[in-house]
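Worksheet: one structure, shown below.
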Amino acid sequence: MEDYITFEHYLEQKKISLTKFKEAEPNKYEELSKDFEQMNHKSFTNQYLFLINPMRRKYFIEQDSSIIQK
């Protein structure tokens, strides 16, 4: 059985900034969040794949170089 993940964690895994996305498109965020809660994350990816890549390009999470340093 797979672990449940939240929509916020899903966006992070897909390198999409939750903050940028939610601020720029609050209605789209709410719509996708509700849809995500209704299905498995793999099904969500399959259904919305055509949206995920453009969202990633638009709201990409910039990596913090301090996190990378050990």
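Residue numbers 378 to 447, in this note's numbering, belong to the letters of the sequence shown in order.
Beta carbons are placed, not taken as given, at the ideal position from N, Cα and C, and that holds for glycine.
Residue pairing by DSSP places F413 opposite no residue, since no beta bridge is assigned to it. In this structure, I393 places its C-beta atom within 9 Å of the C-beta atom of I438.
Residue pairing by DSSP places I382 opposite no residue, since no beta bridge is assigned to it.
According to DSSP, I393 shares a beta bridge with F437.
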